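What follows is a short report on a single structure.
Number of protein chains: 2
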Amino acid sequence: MSKKRGFDKILLAHGSGGKAMHDLISSMIVPAFNNPRLEPLDDSALLQLDGRIIAFTSDSYTVDPLFFPGGDIGRLAVCGTVNDLAVCAAIPLALSCALIIEEGLPTADLQRILDSMKSAAAEAGVEIVTGDTKVLPRGKGDKLFINTSGIGVLPPDRAPLPGKAEAGDAVLVNGPIADHGAAVMAEREEYSLRAEITSDVAPLNGLIEALLAAVPETRCLKDPTRGGVASALNEIAAASKATIVLDEESIPVRKPVASLCELLGLDPLYFANEGKVLAIVPGDKAETALGAMESHPLGTGAAIIGEVKQFDRVPLAVKTPFGSHRVVGMLTGEQLPRIC
Amino acid sequence: MSKKRGFDKILLAHGSGGKAMHDLISSMIVPAFNNPRLEPLDDSALLQLDGRIIAFTSDSYTVDPLFFPGGDIGRLAVCGTVNDLAVCAAIPLALSCALIIEEGLPTADLQRILDSMKSAAAEAGVEIVTGDTKVLPRGKGDKLFINTSGIGVLPPDRAPLPGKAEAGDAVLVNGPIADHGAAVMAEREEYSLRAEITSDVAPLNGLIEALLAAVPETRCLKDPTRGGVASALNEIAAASKATIVLDEESIPVRKPVASLCELLGLDPLYFANEGKVLAIVPGDKAETALGAMESHPLGTGAAIIGEVKQFDRVPLAVKTPFGSHRVVGMLTGEQLPRIC
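Residue numbers (the working numbering), protein chains in the order written: chain S, 1 to 340; chain B, 341 to 680.
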């Protein structure tokens with residue numbers, strides 16, 4: 001059996017958000033639970049209750065370090081789960097907070113993180129209603145891991161998003177990409193650039209509501225976290241049996257982030273984002289969607305970054321400033337462990 | 341600030357399910373989230389949606405070892421969360437499964453655990469619908485931690501349980517106590533008794549439905565996990581401003597478990613259970629409740645173990661075979677880290 005799945009131990013890459021993680025999920029987890037709702041693409045499961053649709057999602061956060069420019073593990077845990085509900089077009093209703101604490105964590109750090117969760121929850125307009133606390137002996141964990149799970153509801157008059165792109169659709173993002181990944185990497189490695197780079201971690205439910213109000217025909221929303229924009233769009237393209245072509249020049253990247261990427265020879269398309277959403281909308285709604293994003297404080301740097309075409313050999317390609325196209329696959333291997 | 345709360349670092353005891361954990365939750369977590377639903381006593385939060393009541397709960401599992409007589413971390417994660425929903429009188433609807441895996445975990449172990457989760461979910465009649473996978477570098481975790489969160493619904497005609505005991509009520513348990521704690525302790529320490537001791541980990545939703553059908557007047561249900569029967573009944577008594585008096589001779593404890601407890605000088609009332617529920621019912625319904633439990637395969641060893649009285653100095657006392665009473669407080673310190 002392990003022969004069939006091609007690995008007999010879990011590797012760091014299995015947590016990357018890229019190809020190895022998808023292999024693990026499709027070869028072991030989905031078959032184990034044998035449940036059509038457990039599609040790797042979905043950020044939340046959708047359940048029916050008395051005709052209402054409930055979204056349900058869960059994420060564990062293991063980011064290292066706990067504090068980074070622009071945020072901390074607590075803010076990340078609240079925003080990440082809120083965003084997983086929001087990209088399913090659900091209004092976040094309630095979150096849980098389950099702490100796994102390593103013995104010896106200073107209570108001042110825990111207090112700061114709990115306060116940060118409270119602020120982020122207030123910002124998102126969601127309540128933390130239940131929780132759990134476990135403590136690990138020293139050396140058996142790493143300071144703090146947080147699981148937040150969330151429940152959301154679709155408004156009564158809203159159907160789930162189709163979740164698939166069609167040829168002719170436009171691809172938008174609400175601002176500069178790669179900030180979170182770059183901020184954590186710069187902090188961890190103590191690069192001199194780090195003073196200029198800040199995580200984008202933010203709750204996107206307000207911006208997404210504004211977008212859906214303006215463009216209810218939105219086909220698909222996805223927050224490009226682990227694995228970055230490249231992996232998220234590969235997933236959407238594969239699920240849609242289409243090819244997405246991005247225009248490299250129109251993809252917003254802040255200058256210090258671009259410099260860091262050049263320095264390290266890494267592609268910002270693979271860096272994690274925690275306050276960005278990719279939106280696929282019908283081509284003739286692209287400008288309306290852009291306007292809706294730009295009118296929200298978290299979308300002032302929004303851009304139309306590409307288009308969806310009939311499937312043509314690869315899921316995702318990027319048109320370079322020289323007019324050539326490069327193929328951009330899913331993240332392989334592990335670029336930066338414990339980014340979220 | 342840390343002076344006020346009396347500790348400046350997190351200690352193992354803060355994960356015990358006993359007094360230290362309650363101090364942590366009341367001094368830091370409840371104030372941080374400032375939410376009346378976050379009462380330490382509740383196993384799930386109850387939310388209103390269109391007149392229906394939804395229960396929402398979350399638990400992380402860090403049990404060591406991953407496999408123990410009678411179960412494993414996967415079975416524990418499914419049953420624990422199902423039981424937290426069921427003791428709130430909710431029908432479990434869906435679970436999440438978030439894995440935090442240490443690099444190097446044999447995939448064969450992971451497969452065995454996922455299969456065990458699948459079986460336990462089938463046994464409980466609940467689906468695992470969403471999940472998450474994170475991988476920690478070697479040495480930053482301990483093989484595997486699992487968070488399961490769960491959503492349940494109260495049947496349309498069922499009100500939430502009062503959650504409080506009244507003088508004259510009877511206290512029941514569905515079978516011998518302390519099996520889970522004893523099984524994990526015996527396995528970890530390799531006591532020779534361990535061949536005879538098996539964890540009781542099981543989903544209790546079926547038994548609880550049978551009980552609620554027979555005794556809809558049930559006041560309060562609680563699964564005595566970390567901190568054991570003693571801590572659970574202390575919580576109920578405190579919330580009810582009553583005194584619970586147990587009859588020591590009527591508390592079922594299997595012989596090898598009793599022997600292990602004697603050997604170690606520990607009280608089975610503080611040992612964790614993972615397939616037991618404490619039920620408080622009006623005194624005149626005690627026999628009906630007992631019959632309902634006994635008619636279910638997980639309740640064949642059920643017993644009436646005590647009664648609720650007007651508050652008399654202490655929350656919980658145990659009447660010994662000699663007719664004397666001993667006071668049984670909440671668990672203080674940490675009896676056995678990582679029991680669940």
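Using N, Cα and C, we set each Cβ at its ideal position, and we do this for glycine too. The structure presented is a predicted model; accordingly, all values stated were derived computationally and were not measured.
Checklist line | CA-to-CA distance, Pro637 (chain B) to Ser524 (chain B), given in whole angstroms | finding: According to the sequence displayed, residue 524 (chain B) carries Val and not Ser. About 23 Å.
Checklist line | Environment of Glu274 (chain S) [buried if 16+ CB atoms lie within 10 Å] | finding: So Glu274 (chain S) ends up on the buried side.
Notebook entry, point to check: Less than 8 Å separating the beta-carbons of Ser16 (chain S) and Leu331 (chain S)?
Noted result: Yes, the Cβ-Cβ distance between Ser16 (chain S) and Leu331 (chain S) is below 8 Å.
Item checked: Beta-ladder partner(s) of His325 (chain S), from DSSP -> Note: His325 (chain S) sits in a beta bridge opposite S:Lys319.
Next item on the list: Output yes or no for whether 8 Å exceeds the beta carbon distance between Val318 (chain S) and Glu248 (chain S).
Entry: Inclusion of Val318 (chain S) and Glu248 (chain S) in the CB contact set at 8 Å is warranted, their separation being smaller than that value.
Notebook entry, point to check: Whole alpha helix (DSSP H) runs in the region 120-200 of chain S with 4 or more residues, listed along the chain?
Noted result: If one requires a minimum length of 4 residues, the alpha helix (DSSP H) runs lying completely within the region 120-200 of chain S are 179-189, in chain order.
Note to self: Excluding the 5 residues flanking Pro321 (chain S) on each side, which residues of the same chain have their C-beta closer than 7 Å to its C-beta?
What the structure shows: Glu248, Glu249.
Notebook entry, point to check: What are the start and end residues of the alpha helix (DSSP H) that includes Phe347 (chain B)?
Noted result: Counting along the chain, Phe347 (chain B) falls outside any alpha helix (DSSP H), and DSSP gives it neither H nor E.
Notebook entry, point to check: Taking the beta strand (DSSP E) that Leu561 (chain B) falls in, what are its first and last residues?
Noted result: 560-562 is the span of the beta strand (DSSP E), which, as asked, contains Leu561 (chain B).
Checklist line | Whole-angstrom C-beta distance between Ile54 (chain S) and Val153 (chain S), which should lie under 8 Å | finding: Contact holds; Cβ gap of about 6 Å.
Item checked: Alpha-carbon spacing of Arg52 (chain S) relative to Ser635 (chain B), whole angstroms -> The straight-line gap separating the alpha-carbon atoms of Arg52 (chain S) and Ser635 (chain B) is approximately 36 Å.
Notebook entry, point to check: To the nearest angstrom, how far is it from the Cα of Ile276 (chain S) to the Cα of Val585 (chain B)?
Noted result: Inspection of the sequence shows that residue 276 (chain S) is occupied by Lys rather than by Ile. Just so you know, the alpha carbons of Lys276 (chain S) and Val585 (chain B) end up roughly 57 Å apart.
Margin query: In the DSSP output, what is Cys97 (chain S) paired with across the bridge?
Written below: By DSSP's assignment, Cys97 (chain S) forms a beta bridge with S:Gly131.
Notebook entry, point to check: Relative to the C-alpha of Ala32 (chain S), which residue among B:Ala417, B:Lys458, B:Thr628 is closest?
Noted result: If you compare the alpha carbons of B:Ala417, B:Lys458, B:Thr628 with that of Ala32 (chain S), the shortest gap goes to B:Lys458.
Next item on the list: Return the bridge partner residues of Glu350 (chain S) from the DSSP annotation.
Entry: Residue 350 (chain S) cannot be examined here, being either before or after the span of chain S that is shown, 1 to 340.
Note to self: In this structure, how does DSSP classify Phe33 (chain S) when only helix, strand and coil are distinguished?
What the structure shows: Residue state for Phe33 (chain S) is assigned as helix, using DSSP reduced to three classes.
Item checked: Near-chain B residues of the region 10-22 of chain S - C-beta to any C-beta below 7 Å -> Flagged, chain order: Ile10, Leu11, Leu12, His14, Gly15, Met21.
Note to self: As a quick exercise: from S:Ala98, S:Asn234, S:Asp200, pick the residue whose alpha carbon is nearest that of Thr62 (chain S).
What the structure shows: Checked all of S:Ala98, S:Asn234, S:Asp200; the closest Cα to Thr62 (chain S) is S:Ala98.
Item checked: Range covered by the beta strand (DSSP E) that runs through Ser398 (chain B) -> Run containing Ser398 (chain B): 392-401, per the beta strand (DSSP E) assignment.
Note to self: Please return the same chain residues whose Cβ sits closer than 6 Å to the Cβ of His325 (chain S), not counting the five positions on each side in sequence.
What the structure shows: Excluding sequence neighbours, His325 (chain S) sits near Ala317, Lys319.
Next item on the list: Spell out whether any CB of chain S is found under 8 Å from the CB atom of Pro446 (chain B).
Entry: The C-beta of Pro446 (chain B) comes closer than 8 Å to at least one C-beta of chain S.
Checklist line | Residue range of the unbroken beta strand (DSSP E) whose run includes Ile280 (chain S) | finding: It spans 278-281 - the beta strand (DSSP E) in which Ile280 (chain S) sits, taken as one unbroken run.
Check: In whole angstroms, what separates the C-alpha of Leu212 (chain S) from that of Ala178 (chain S)?
Finding: Looking at the two C-alpha atoms, the distance is approximately 24 Å.
Notebook entry, point to check: Leaving out five residues before and five after Ile350 (chain B) in sequence, what residues of the same chain have Cβ atoms less than 8 Å from its Cβ?
Noted result: Same-chain partners within the cutoff: Leu364.
Margin query: I'd like the span of the alpha helix (DSSP H) that includes Leu604 (chain B), first residue to last.
Written below: Taken as a continuous stretch (DSSP letters only), the alpha helix (DSSP H) holding Leu604 (chain B) covers 595-604.
Margin query: One question on the structure: do Val422 (chain B) and Phe56 (chain S) come within less than 8 Å of each other, judged by their Cβ atoms?
Written below: At the C-beta level, Val422 (chain B) and Phe56 (chain S) stay beyond 8 Å of one another.
Notebook entry, point to check: What is the residue span of the beta strand (DSSP E) that Leu46 (chain S) lies within?
Noted result: Leu46 (chain S) -> beta strand (DSSP E) spans 45-49.
Checklist line | Secondary structure of Pro637 (chain B), DSSP reduced to three states | finding: Three-state result, Pro637 (chain B): helix.
Item checked: Pick from B:Glu530, B:Met361, B:Gly471 that is closest to Val135 (chain S), judged by C-alpha positions -> From the listed residues B:Glu530, B:Met361, B:Gly471, the smallest Cα separation to Val135 (chain S) is found for B:Met361.
Item checked: Residues near Ser400 (chain B) by beta carbon distance below 8 Å, same chain, minus five either side -> Hits under 8 Å: Phe485, Ile486, Asn487.
Margin query: Along the region 126-139 of chain S, where does the CB come closer than 9 Å to a CB of chain B? Name the residues.
Written below: Per Cβ criterion, the list reads Glu127, Ile128, Val129, Thr130, Gly131, Asp132, Thr133, Lys134, Val135, Leu136, Pro137, Arg138, Gly139.
Checklist line | Beta-carbon proximity list for Gln650 (chain B), same chain, < 8 Å, skipping 5 on both sides | finding: Ala507, Ala582, Thr583, listed in sequence order.
Margin query: Under 8 Å, Cβ to Cβ, is there at least one residue of chain B near Phe68 (chain S)?
Written below: Not an interface residue.
Check: To the nearest angstrom, how far is it from the Cα of Gly568 (chain B) to the Cα of Leu676 (chain B)?
Finding: Just so you know, the alpha carbons of Gly568 (chain B) and Leu676 (chain B) end up roughly 11 Å apart.
Check: Rounded to a whole number of angstroms, what is the C-alpha to C-alpha distance between Ala159 (chain S) and Leu278 (chain S)?
Finding: Distance from the CA of Ala159 (chain S) to the CA of Leu278 (chain S), rounded to the nearest whole angstrom, comes to 19 Å.
Next item on the list: Could you tell me which residues DSSP pairs with Phe408 (chain B) in its beta bridges?
Entry: Phe408 (chain B) is bridged to B:Gly411.
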